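Engineer: Anchor point for the sequence shown: position 143 equals 143 in UniProt numbering, and the numbering is continuous, going up by one each time. Ideal placement from N, C-alpha and C gives every residue a C-beta, glycine not left out. These numbers were taken from a predicted model, which means no experiment stands behind them.
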Amino acid sequence: MLNLVQACIGEDRESQRKLYKLFYGYAMSICLRYSQTREEATEVLNDGFLKIFTKVSKYNPEKSFKGWVRRIMINTALDNYRHNLKHYYAQDVTELEPDTLYPSAEDQLSYEDLMRMVQELSPAYRTVFNLYVIDGYTHEEIATLLSISVGTSKSNLSKARANLQARLKKILKDEYRKYA
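#1: What are the start and end residues of the alpha helix (DSSP H) that includes Asn80?
#2: Am I right that Ser15 and Ala7 are in contact with their C-beta atoms under 8 Å? What's the rounded C-beta distance?
#3: Closer than 6 Å by C-beta to Glu40: which residues in its own chain qualify, once you throw out the five before and the five after it? Chain order, please.
#4: Using C-beta distances below 8 Å, list every residue in its chain close to Leu32, excluding the 5 sequence neighbours before and after it, in chain order.
#5: Tell me the rounded alpha-carbon separation between residue 221 and Glu43.
#6: Using the rule of at least 16 other Cβ atoms within 10 Å of the residue's Cβ for burial, across every protein chain shown, is Pro123 buried or exposed?
#7: Quick check on DSSP: helix, strand or coil for Ile30?
#8: With distance defined between alpha-carbon atoms, name the residue in Gly10, Gln36, Tyr137, Ser29 nearest to Tyr111.
#9: Does Thr144 come out as helix, strand or coil in the three-state DSSP assignment?
#10: Could you say which of Asn60, Asn156, Ser155, Leu145 lies nearest to Ile74 if we only look at CA atoms?
#11: At which residues does the alpha helix (DSSP H) containing Asn46 begin and terminate?
#12: Are the segment 152-160 and the segment 51-59 touching, with three or more C-beta to C-beta distances below 8 Å?
#13: Exposed or buried, Ala160, counting other C-beta atoms within 10 Å across all chains shown (16 or more means buried)?
#14: Count the other CB atoms within 10 Å of the CB of Ser35; is the residue buried (16 or more) or exposed (fewer)?
#15: So, is Tyr24 buried or exposed, given that buried needs 16 or more other C-beta atoms within 10 angstroms?
#16: Going by other Cβ atoms of all chains shown within 10 Å of its Cβ, with 16 needed for buried, is Tyr139 buried or exposed?
#17: Quick check on the DSSP output: the alpha helix (DSSP H) that includes Pro123 runs from which residue to which?
#18: Tell me the rounded alpha-carbon separation between Leu164 and Ser64.
Laid out in structure tokens, this is it:
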């Protein structure tokens with residue numbers, strides 16, 4: 001890995017291509033969690049890799065490269081969130097009709113189905129949910145990252161969880177009606 005990073009520092013295009021392919025799936029999974037659409041996630045991913053390639057000389061080899069990539073992708077997704085904040089509007093997910101069919105109640109929801117549900121949350125709820133539940137940030141850290149109060153972070157997390165629970169209950173209720 002260190003040789004690949006060194007070659008990227010030297011702006012070797014083939015090494016950059018290898019690094020991109022090596023971390024594409026991992027980085028895309030992060031970007032998808034913070035984005036509303038796959039297109040938005042791809043944009044965040046490309047911006048993130050651009051930052052990786054321009055700042056690779058700042059990577060500390062004593063630390064995990066994967067962790068460094070993760071940090072850059074999360075920060076890039078948060079930059080995208082802040083940039084698009086003026087375009088987002090508060091949206092209650094319970095008013096949305098699901099645009100996809102979910103598996104039957106006896107089947108467990110797949111990871112993709114759960115991520116789709118998270119993506120359907122409003123941008124503010126989704127971002128706080130991802131940072132707290134998936135990435136392990138504290139409310140204080142989230143408040144600092146997003147320039148919001150700790151109370152707003154807690155409120156957004158609570159509302160995100162409530163929306164996800166309501167969505168799951170609706171899916172299970174709909175499944176029950178099929179067989180009742």
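Structural biologist: Judging by the given coordinates:
#1: Per DSSP, the unbroken alpha helix (DSSP H) holding Asn80 starts and ends at 65-84.
#2: Their Cβ separation, rounded to whole angstroms, is 3 Å, which keeps Ser15 and Ala7 in contact under 8 Å.
#3: none
#4: Arg38, Ala41, Met115, Gln119
#5: Since the first residue shown for the chain is 1 and the last is 180, residue 221 is missing from the structure and cannot be characterised.
#6: buried
#7: helix
#8: Ser29
#9: Helix, per DSSP.
#10: Ranking Asn60, Asn156, Ser155, Leu145 by Cα distance to Ile74 puts Leu145 first.
#11: 38-55
#12: no
#13: buried
#14: By the 10 Å Cβ count, Ser35 comes out buried.
#15: The residue in question, Tyr24, is exposed, as its Cβ has fewer than 16 Cβ neighbours within 10 Å.
#16: Residue identity check: residue 139 is His in the sequence provided, not Tyr. It counts as buried.
#17: Counting along the chain, the unbroken alpha helix (DSSP H) around Pro123 starts and ends at 123-129.
#18: 33 Å
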